[in-house]
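What the sequence shown shows, in mature numbering (1 follows the signal peptide of the UniProt record, and there is no 0), is residues -25 to -1, 1 to 183, in sequence order.
Here a beta-carbon is modelled for each residue, glycine too, at the ideal position from N, C-alpha and C.
Quantities reported herein were computed from a predicted structural model and do not represent experimental measurements.
What follows is one structure encoded as structure tokens, with my remarks underneath.
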Amino acid sequence: MTTKRSPIRRATAVAAAATAALVLAACGGNGDDTGSASSDQNTASPAASAPAQQGDHNAADVTFAQGMIPHHRQAIEMADLAATRAESADVKKLAGEIKKAQDPEIKTLSGWLTSWGEQVPAEGQGHGGHDMSGMMSAEEMKQLESSSGKAFDTAFLTMMVKHHEGAVAMAKTEQSDGTYQPAKDMAGAIITSQSAEIAQMNTLLGKS
């Protein structure tokens, strides 16, 4: 009986030991997996949150981009007229600088809106409804198109001062209300450059 019991007991003991080993391995595995998952999450969080932070924007940023695009387009339209209608070399040079600065900003603003899933203003949007931002009306644009020489220079400078003042006001709103840092940086650049151009244009108006 003893010899028969002994192998049975040994087999039972081996089975019990094997079961215990499996249980311990499973527990250990769970612990490792949990730690690994936790570690992976901790590691991934900064990387995952970085794009979200870079793309962090609010309604003010969208308003700034959607308003500044047609605003810049009109300034470029006005600048293009100066190339053939202006008499003053200073006015022509200023018009060229305005176009050179604002055309790339339109592309940047459009890219932001696209990345945010927002609508990019269509080309040729009307001139009306933007009085508060310094936009010219359709009648004012016709007046500018129909003038030339010194009369154009005076009309262009007078209208562009108003136009720039509108852009500066929009940029100041973006700086105070926006959250998207690249847009706030652009707003700061617009305030600096266009304020300087306003001073330059007022000087040219005094000479005309």
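| Query | Result |
| --- | --- |
| Segment contact flag, the segment 117 to 129 with the segment 86 to 97, C-beta cutoff 8 Å, min 3 pairs | no |
| N-terminal and C-terminal residue of the alpha helix (DSSP H) that N177 is part of | Q156 to K182 |
| Beta-carbon contacts of E62 that lie in its chain and below 8 Å, excluding the five residues immediately before and after | S123, G124, K125, F127 and D128 |
| Whole alpha helix (DSSP H) elements within the segment 22 to 76, 4-residue minimum | 34 to 60 |
| Cβ-based neighbour list, A130, same chain, cut-off 6 Å, excluding 5 preceding and 5 following | L119 and S122 |
| Unbroken alpha helix (DSSP H) run spanning G124, endpoints | G124 to D152 |
| 7 Å Cβ shell around E80 - same chain, five flanking residues per side excluded | H47 and M161 |
| For V143 and G103, the rounded distance between their alpha carbons | In this prediction, G103 scores a pLDDT of 46, lower than 50, which makes its location untrustworthy; no coordinate-derived value is stated. |
| Given T89 as reference, the closest of D55, M134, Q41 and E114 once Cα atoms are compared | Q41 |
| Q94, DSSP secondary structure in three states | coil |
| Sequence-distant residues of its chain with Cβ nearer than 8 Å to T178 (five each side left out) | none |
| Three-state secondary structure assigned by DSSP to G99 | coil |
| Status (buried if at least 16 other CB within 10 Å, exposed otherwise) for D36 | buried |
| Start-to-end residues for the alpha helix (DSSP H) that takes in M116 | A113 to E120 |
| Helix, strand or coil at G86 [DSSP, three-state] | helix |
| Sub-9 Å separation of M134 and E115 beta-carbons | yes |
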